[in-house]
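Below is one structure, written out as structure tokens, with a few remarks after it.
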Amino acid sequence: MEFLKNHKDFFKVPRLDTALNEILSDAREFPDKIDMQAKFELTQPRHIVQRRNVNLDYEAREDPIEDATLKYKAKFYFFILDKAINPGIQLIRSVQTQSFTDKKLISNLSVFRDDSNIIRVKTQITERTDAPNILSPILPPNNCIFTQRLIEHFHLKNNHAGTQLLLSIKREEYWIVGGRRTVRNIWNACVKCRRFKSKSPMTDLASLPSNRVKDAAVYEVVGADLTGLLYVKRGDKVWIVLYICAIYHRLHLELVSVLSTDAFLLSFRRFVVRRGRSRIIYSDNGTNFRGTYNKLVCIDWNEVSRYVEIQRITWKCIPPTAAW
Numbered sequence: 056m057e058f059l060k061n062h063k064d065f066f067k068v069p070r071l072d073t074a075l076n077e078i079l080s081d082a083r084e085f086p087d088k089i090d091m092q093a094k095f096e097l098t099q100p101r102h103i104v105q106r107r108n109v110n111l112d113y114e115a116r117e118d119p120i121e122d123a124t125l126k127y128k129a130k131f132y133f134f135i136l137d138k139a140i141n142p143g144i145q146l147i148r149s150v151q152t153q154s155f156t157d158k159k160l161i162s163n164l165s166v167f168r169d170d171s172n173i174i175r176v177k178t179q180i181t182e183r184t185d186a187p188n189i190l191s192p193i194l195p196p197n198n199c200i201f202t203q204r205l206i207e208h209f210h211l212k213n214n215h216a217g218t219q220l221l222l223s224i225k226r227e228e229y230w231i232v233g234g235r236r237t238v239r240n241i242w243n244a245c246v247k248c249r250r251f252k253s254k255s256p257m258t259d260l261a262s263l264p265s266n267r268v269k270d271a272a273v274y275e276v277v278g279a280d281l282t283g284l285l286y287v288k289r290g291d292k293v294w295i296v297l298y299i300c301a302i303y304h305r306l307h308l309e310l311v312s313v314l315s316t317d318a319f320l321l322s323f324r325r326f327v328v329r330r331g332r333s334r335i336i337y338s339d340n341g342t343n344f345r346g347t348y349n350k351l352v353c354i355d356w357n358e359v360s361r362y363v364e365i366q367r368i369t370w371k372c373i374p375p376t377a378a379w
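Last residue of the sequence shown: 379 in our numbering, with the numbers rising by one and none dropped.
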């Protein structure tokens with residue numbers, strides 16, 4: 056356990072895949088097996104394991120063991136070799152032995168021990184032809200440094216997978232009691248994941264202008280804009296004029312055939328006849344809108360108000376670089 060606490064990259068040690076001659080040349084540098092056994096604790100286990108494996112096979116072919124002392128040494132080294140070839144199995148067995156001393160901890164689970172004396176969980180898919188770990192996943196403890204390092208390994212191996220994805224991947228080999236909570240804690244402790252899931256600072260929303268919130272008739276405050284281009288059935292081009300009520304979010308559509316001030320004024324007249332006269336109109340700085348604005352500015356509204364009771368139409372153009 057102390058080894059796992061000090062070596063976070065234990066599960067990332069790659070296996071050594073080299074040719075037989077290279078392994079034998081390494082073995083010649085360490086003719087005494089006891090020296091190799093001492094180095095097993097100081098170097099990466101899986102590298103030394105494969106070197107020792109080929110070295111023993113090579114000596115067995117060249118010099119058959121007949122002496123009792125040599126036989127004893129061979130058995131001893133094969134025992135060390137068996138433990139080293141499967142360091143994960145030995146580690147899991149040790150972790151389960153230390154963690155599950157009280158059988159009540161797993162009494163509610165349907166478990167069994169396999170040929171390697173590893174505690175596994177029984178499932179209902181044993182008739183499938185999948186890998187043994189999928190059919191009967193290994194049962195590690197949920198509050199152990201081994202489980203923590205294991206989840207960290209799967210988390211990094213799968214490109215910082217989230218809680219649900221990481222839990223699904225892990226259950227293909229291991230079944231952790233209370234695994235979701237354990238996986239979530241590991242995911243929350245990841246610095247990169249915390250950085251990506253952090254929320255950007257939000258500013259307080261500004262208050263809406265009075266023309267957006269006051270009580271008024273529908274289409275009394277309007278926003279005008281154009282959208283298109285569209286093609287009608289006979290092939291002519293048309294654009295759509297949008298009249299949007301700024302208070303009640305109602306929408307009125309008109310069609311124009313050209314982008315000109317006169318065409319827009321005709322659509323505006325149709326809008327007024329259908330929806331009533333607007334008092335305030337907002338628009339962008341399009342040339343047709345600017346032309347309409349200039350024509351409305353030229354109207355002598357004082358002279359008009361002498362003969363009819365008509366309120367003046369106020370046209371407001373938003374700043375050129377402002378969002379709609």
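For glycine and all other residues, C-beta sits at the position ideal for the given N, C-alpha and C.
State the Cα-Cα distance for the pair residue i and residue j, rounded to the nearest angstrom.
i      : j      : result
Arg187 : Gln203 : In the sequence as displayed, the identity of residue 187 is Pro instead of Arg. If I take the Cα positions, the gap works out to 23 Å.
Glu44  : Phe319 : For the chain, the structure presents residues 56 to 379; residue 44 sits outside this window and is missing.
Thr152 : Lys247 : 34 Å
Ile299 : Thr237 : 52 Å
Ile368 : Ile335 : 6 Å
Val311 : Leu281 : 10 Å
Gln145 : Leu260 : 60 Å
Met91  : Gln179 : Caution is warranted here: a pLDDT of 38 is assigned to Met91, below 50, making its placement in the model unreliable, and no coordinate value can be reported.
Phe251 : Asp170 : 44 Å
Ile267 : Leu321 : Checking the sequence, you will find Arg at residue 267 rather than Ile. Taking the straight line joining both Cα atoms gives about 26 Å.
Arg289 : Ser223 : 58 Å
Thr258 : Pro264 : 18 Å
Arg175 : Leu194 : 5 Å
Ile302 : Ala279 : 14 Å
Gly386 : Gln219 : The structure shown does not extend to residue 386, since the chain spans only 56 to 379, so no value can be given for it.
Pro256 : Arg183 : 51 Å
Ile373 : Ser338 : 6 Å
Lys177 : Asn197 : 18 Å
In terms of alpha-carbon separation, which member of the options lies closest to residue i?
i      : options                        : result
Leu314 : Ile295, Ile180, Lys177, Arg175 : Ile295
Ala271 : His304, Cys245, Ala261, His210 : His304
Gly331 : Met257, Val277, Pro264         : Val277
His208 : Arg325, Trp230, Lys225         : Lys225
Leu164 : Thr218, Asp185, Thr316, Ser191 : Ser191
Arg239 : Leu221, Val166, Trp230         : Leu221
His215 : Ala279, Leu194, Ile241         : Ile241
Thr316 : Arg329, Asn349, Tyr337         : Asn349
Glu228 : Asp185, Asn243, Leu306, Ser322 : Asp185
Val328 : Trp370, Asn340, Tyr274, Lys254 : Tyr274
Ser149 : His307, Ile200, Pro374         : Ile200
Glu306 : Val287, Phe326, Leu205         : Sequence check: residue 306 is Leu here, not Glu. Closest option to Leu306, Cα to Cα, is Phe326.
Ile161 : Thr181, Ile231, Leu211         : Ile231
Could you check where the beta strand (DSSP E) with residue i kicks off and where it finishes?
i      : result
Cys300 : 292–300
Please indicate yes or no: does the CB of residue i lie closer than 8 Å to some heavy atom of the ligand SAM?
i      : result
Gly233 : The ligand SAM is not part of the structure shown, which contains no ligands of any sort.
From the DSSP output, which residues share a beta bridge with residue i?
i      : result
Glu309 : Val296
Ala279 : Tyr298
Thr369 : Ile335
Leu285 : Val293
Assuming residue i is part of the alpha helix (DSSP H), what are its boundary residues?
i      : result
Ser265 : 265–268
Lys247 : 246–252
Thr258 : Careful: Thr258 lies outside any alpha helix (DSSP H) and carries neither H nor E.
Val327 : 316–330
Alpha helix (DSSP H) runs wholly inside the region 216–241, at least 4 long, in chain order: Taken in chain order, the complete alpha helix (DSSP H) segments of 4 residues or longer contained in the region 216–241 are 218–225.
Contiguous beta strand (DSSP E) assignments of at least 3 residues, all confined to the region 165–205: Runs of the beta strand (DSSP E) lying entirely within the region 165–205, each at least 3 residues long, are 166–168, 174–176 in chain order.
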